[in-house]
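These notes concern the structure reproduced below.
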Amino acid sequence: MDINSLKPGAIIRGPIIPESIQVVVVTDIGASIQIQGKGLETGQFHDLFVTREQIKQITVTPDKRPFDGDAHRFQLGIEAMRLDTICQGQTLSGIVPSQTVRVMAAILIGQAALQLIYRIADGSIKDCLLDQTTAAAIHAVEECIAFNGDAAIFQLACEAKRISLAFLFDPMMAVHISNRVVLT
Numbered sequence: 059m060d061i062n063s064l065k066p067g068a069i070i071r072g073p074i075i076p077e078s079i080q081v082v083v084v085t086d087i088g089a090s091i092q093i094q095g096k097g098l099e100t101g102q103f104h105d106l107f108v109t110r111e112q113i114k115q116i117t118v119t120p121d122k123r124p125f126d127g128d129a130h131r132f133q134l135g136i137e138a139m140r141l142d143t144i145c146q147g148q149t150l151s152g153i154v155p156s157q158t159v160r161v162m163a164a165i166l167i168g169q170a171a172l173q174l175i176y177r178i179a180d181g182s183i184k185d186c187l188l189d190q191t192t193a194a195a196i197h198a199v200e201e202c203i204a205f206n207g208d209a210a211i212f213q214l215a216c217e218a219k220r221i222s223l224a225f226l227f228d229p230m231m232a233v234h235i236s237n238r239v240v241l242t
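Residue 242 is where the sequence shown ends in our numbering, and the numbering goes up by one at each step.
This is the structure in structure tokens:
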């Protein structure tokens, strides 16, 4: 390991270090180096003195970890996490072409598959098996909130709210409707 890579913020590990440490201060003291830092597991402060030979046993975690994985497998892993968000009562699109379906039951089979039991618009119940690749085409449908209350009460509430916020739109309204008499 290069001594220059020991800098504040770096995370170091090694057989001579009790736990992973986030470096706070590095001081070069002739034949040895003082490393002060915070332990990641315990939160305890560590003050280490290591020789230049012991430095070779320490590994430093890079600032930015390279992504050297398979992008397709990564995407499948992300999509697999979506399977566990499907729940009973949810409305989904993308299972039956040009229709929405209502989920009756969703049974996880491992981490990569889901058995979906759903009801389509004509009332019939069907099921299918979903995996990571098919889950990418499925979307949750947001249902509209229907207003089924009394329209007169709604209008009254809106008018009361408008009056309580009138000062925001017409600051002179308070002066206009006040009961104060101007003294001359």
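The beta-carbon is built from N, C-alpha and C at its ideal position, and this holds for glycine as well.
Under a three-way DSSP split, which group does Lys114 fall into?
coil
For the alpha helix (DSSP H) containing Lys219, name the first residue and the last one.
For Lys219, the uninterrupted alpha helix (DSSP H) run begins and ends at 209-222, by DSSP.
Looking at C-alpha atoms only, which residue of Asp128, Thr158, Thr109 is the closest neighbour of Lys184?
Thr158
Which residues DSSP lists as bridging Val108, in chain order
Val108 has Ile91 as its beta-bridge partners, per DSSP.
Could you round the C-beta distance between Leu188 and Leu172 to whole angstroms and report it? I think they count as a contact, below 8 Å.
5 Å
Selection from Val108, Ile75, Ile69 that minimises the alpha carbon distance to Thr85
Val108
Where Thr192 falls: helix, strand or coil (DSSP)
helix
Going by beta carbon distance, what residues of the same chain come within less than 7 Å of Gln112, once the five residues before and after it are set aside?
Ile74
Among Val154, Ser63, Tyr176, which residue has its Cα nearest to the Cα of Gln146?
Measuring from the Cα of Gln146, the nearest candidate turns out to be Tyr176.
Ile183 in three-state terms, based on DSSP
Correct three-state label for Ile183: strand.
State the Cα-Cα distance for the pair Leu64 and Lys96, rounded to the nearest angstrom.
14 Å
Quick one: residues in its chain with C-beta nearer than 8 Å to the C-beta of Leu98, no 5 flanking neighbours on either side, listed in chain order?
Ile69, Glu77, Ser78, Ile79, Gln80
Mind checking Ala193: buried by the 16 CB within 10 Å criterion, or exposed?
So Ala193 counts as buried.
Looking at Thr100 and Gly72, is the spacing between their C-beta atoms short of 8 Å?
no
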